[in-house]
Amino acid sequence: MTGVAKLRRYHAPVWDESIIHELGRKGERGISVPRVEDEITAQTGAIDSILPGKVLRETPPNLPELSQAQVLRHYLRLSQVTLGMELDIDLGVGTCTMKYSPKVNEGLAALTADIHPLQPEGTLQGLLEILYEFGHTFLGEVSGMDEFSFQPSGGSAAAYNNACIMRAYHGENGELEQRNEIITTVFSHPCDAACPATAGFRVVTLYPEEDGLPSTDALKAAVNENTAGLFITNPEDTGIFNREIDEWTRIVHEAGGLCAYDQANANALLGVTRAQEAGFDMCFFNLHKTFGSPHGSSGPGCGAVGVTEELAPYLPVPVVVKEGDRYGLDYDRPRSIGRVRDFLGNVQVVVRSYAWAMALGARGLREVAEVSMINNQYLEKKLQGIKGVTKPFGGRRIDQIRYSLQTLKEETGVGVDDVNRRIVDYGIQTFFTSHHPWLVPEPFTPEPCETYSKADIDYWAEALRRVCEEAYSDPELVRSAPHNSSMHIFDPSSFDDPERWAMTWRAYKRKRGEK
């Protein structure tokens, strides 16, 4: 193959940096606040005489005390030990769609900082127009859905939103007690099983045949009078597209169920296929994946939910509406499932995505799909020549492929987690393995979306080739990696220690074995 990249020398800076509370020293200040009472204070009185006693702290907050220079050093050091889209190639974080987010859009999103969500609607016309037009003009055209909500803050929140809509729909028809089963596939995103289960449904999971997809006959066998609906990702997280998807939705509809489309990752489908033509009643997009707003892991994100006209009354309130040339917020929706997030959701994410889509236009959005597919085919050709790498199920894929390092593991003892750590030594962010369970042994799932150039793909593939060669020649070098990172192998045992790691009180109690 042509396009063999030269690997550069890389070594991350190592800062033994304490957390900011530990860096503080009593008396340090970034700015001195005058303590002399000004004219306003003299007129209004001390602040503790204005606020209700129940909102006043009994003791001052334990804030870190640092100078401006110390704060600057701290965050610059942290930024130097972080790899990501802004610093290097991270096309390996498959299903998360890591793409370049134009910085000009950050300035536009920042304009929302001065907006209060409880302002009169007449003062929010510009923002409401963006929300309305992005839902109806862009996402509506891409999906064929009639109405959108931007309240859900991510893909799983959007899937749960759709499960709640499905529950409300069957409840209103008096069938909820009977229709208590959701059908999904094992290679759909795990939220397509977890969210309906959280909403109270029983989940029926279909497993793949030799071609990597469940058969239509398996779906027919699973559908019955208890079927509430179908939750499915297409293409599935393996990158395989179900070409019989319209037949699947027809079967579910004939049984009285609804169909929900997980399009969190729609890079390769923009302007190519639409949820409506495939027979879906609802779908969602992750704006922080496909539509050019940064994928911040824990946030901010936006799972934009679209539904048909029949299901529009169930959307969370308020819904942005247009009357004449004015925009407003419709709270009068008695069939709504209610709020799923405060106010209008993460509107700054919508503003970024709106700007991204406006800059591209219809032709540009279609080109996003075309380049994503071309990039994936090119990367596949590169990886097929690497010893130890295989592609389960065969066949064509769309914009990502779930590969396997099972052969490498069997022949060298080096597995995907080892390779994951070693590739960091070449300045590449760790690549995504897959959701559990690992039905594809030793999996990894790169996704070279439209952001990445041929040179980026060449470099990423060459780094993986080098690591696989090392696994055959010096497996211990790979197993003991990373060597050039700011952090080496860490001990994960503390993750299960509630005294050392628990994000919530509920998680703390669960780790302690309490209810």
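If you count by the working numbering, then the sequence shown holds residues 708 to 1222, one letter each, in order. Backbone N, C-alpha and C fix where the C-beta goes; we use that ideal spot for every residue, glycine too. Just so it is clear, the structure is predicted and the values come from calculations on it, not from any experiment.
| query | Exposed or buried, V1096, counting other C-beta atoms within 10 Å across all chains shown (16 or more means buried)? | reply | By the neighbour-count rule (16 or more Cβ atoms within 10 Å), V1096 is buried.
| message | Considering only their Cβ atoms, is the gap separating A975 from I1105 smaller than 7 Å? | response | Taking 7 Å as the Cβ cut-off, I1105 and A975 qualify as a contacting pair.
| request: If I'm right that H1142 touches P942 with Cβ under 8 Å, what's the distance once you round it to whole angstroms? | output: Rounded to whole angstroms, the Cβ separation of H1142 and P942 is 15 Å, and the two are not in contact under 8 Å.
| Should V1058 and L815 be called a contact, given that it needs their Cβ atoms to be closer than 7 Å? | Yes; because the gap between Cβ atoms is below 7 Å, this pair is in contact.
| task | Pick out whichever of P903, E1157, G946, L937 has its Cα sitting closest to the Cα of G919. | result | G946
| When we look at the beta-carbon of L758 and count the other beta-carbons within 10 Å, is it buried (16 or more) or exposed? | exposed
| request: Following the continuous alpha helix (DSSP H) through D1163, name the residue where it begins and the one where it ends. | output: 1161-1180
| message | Only counting the same chain, and skipping five residues up and downstream in sequence, which positions put a Cβ closer than 6 Å to that of T1024? | response | What sits at residue 1024 in the sequence shown is Val, not Thr. Y1038, R1040, S1043, listed in sequence order.
| Bridge partners - E917, DSSP secondary structure assignment | BP columns for E917 are empty, so no partner.
| said: What would DSSP say about I727, mapped onto helix, strand or coil? | reply: helix
| task | Please list, in chain order, all residues of the same chain as L785 whose beta carbon is under 7 Å from its beta carbon, the five residues on each side excluded. | result | E724
| message | Using the three-state DSSP reduction, which class does F1110 fall into: helix, strand or coil? | response | Correcting the residue type first, residue 1110 is Tyr in the shown sequence and not Phe. Of the three classes helix, strand and coil, the one that applies to Y1110 here is strand, per DSSP.
| query | How is the beta strand (DSSP E) around D1037 delimited, first residue to last? | reply | Taken as a continuous stretch (DSSP letters only), the beta strand (DSSP E) holding D1037 covers 1033-1037.
| Among residues of its own chain, excluding the 5 on either side of R909, which ones have a beta-carbon nearer than 6 Å to its beta-carbon? | N887, E888
| query | With contact counted as at least three CB pairs below 8 Å, one residue from each stretch, are the region 1116-1133 and the region 963-981 in contact? | reply | no
| said: Does T844 come out as helix, strand or coil in the three-state DSSP assignment? | reply: helix
| task | Measure the Cβ-Cβ separation of D663 and F894 and say whether it is below 7 Å. | result | No answer is possible for residue 663: it lies beyond the span of the chain, which begins at 708 and ends at 1222.
| query | For G1122, which of helix, strand or coil comes out of DSSP? | reply | coil
| Rounded to the nearest angstrom, how far is the Cβ of L1171 from that of I1130, given a contact under 8 Å? | 6 Å
| message | Taking the alpha helix (DSSP H) that V959 belongs to, which residues open and close that run? | response | 952-961
| task | Could you please give the first and the last residue of the uninterrupted alpha helix (DSSP H) stretch that includes K1218? | result | Taken as a continuous stretch (DSSP letters only), the alpha helix (DSSP H) holding K1218 covers 1212-1218.
| field | Identified DSSP bridge partners for N993 | value | G1010
| request: Determine the closest residue to S1079 out of A712, L790, M792, G801, with distance taken between C-alpha atoms. | output: G801
| query | Is DSSP giving G936 helix, strand or coil here? | reply | strand
| query | Where P1205 and S850 are concerned, what is the direct C-alpha to C-alpha distance, given to the nearest angstrom? | reply | 44 Å
| CA-to-CA distance, I1081 to M708, given in whole angstroms | In this prediction, M708 has a pLDDT of 47, which is less than 50 and means its spatial position is unreliable; what the coordinates show is noted afterwards. The alpha-carbon atoms of M708 and I1081 are separated by roughly 16 Å.
| message | I'd like to check one pair, A1188 with D1124: are the Cβ atoms closer than 7 Å? | response | Going by C-beta atoms, D1124 is not nearer than 7 Å to A1188.
| query | Among all the DSSP beta bridges, which residues are the ones paired with F1151? | reply | Y1110
| Who are the Cβ neighbours of L835 in its own chain at under 6 Å, not counting the five residues just before and after it? | V1027, Y1034
| task | With V1027 as the anchor, note down where its beta strand (DSSP E) starts and where it stops. | result | Run containing V1027: 1026-1030, per the beta strand (DSSP E) assignment.
| said: So for R1070, helix, strand or coil by DSSP? | reply: helix
| message | Here's the rule I'm using: 16 or more other beta-carbon atoms within 10 Å means buried, otherwise exposed. How should I1093 be labelled? | response | buried
| task | Out of S1192, E1177, F992, point me to the one whose CA is closest to R1186's CA. | result | E1177
| field | Boundaries of the beta strand (DSSP E) in which C871 is found, first to last residue | value | Looking at the DSSP string, C871 is not in any beta strand (DSSP E); the run it does join, the alpha helix (DSSP H), is 862-879.
| Where do the ends of the beta strand (DSSP E) carrying C966 lie? | Looking at the DSSP string, the run of the beta strand (DSSP E) that includes C966 is 965-969.
| request: Measure how close the beta-carbons of N869 and V1012 come, nearest whole angstrom, since I'm counting them as under 8 Å. | output: About 6 Å separates the two Cβ atoms, so the contact holds.
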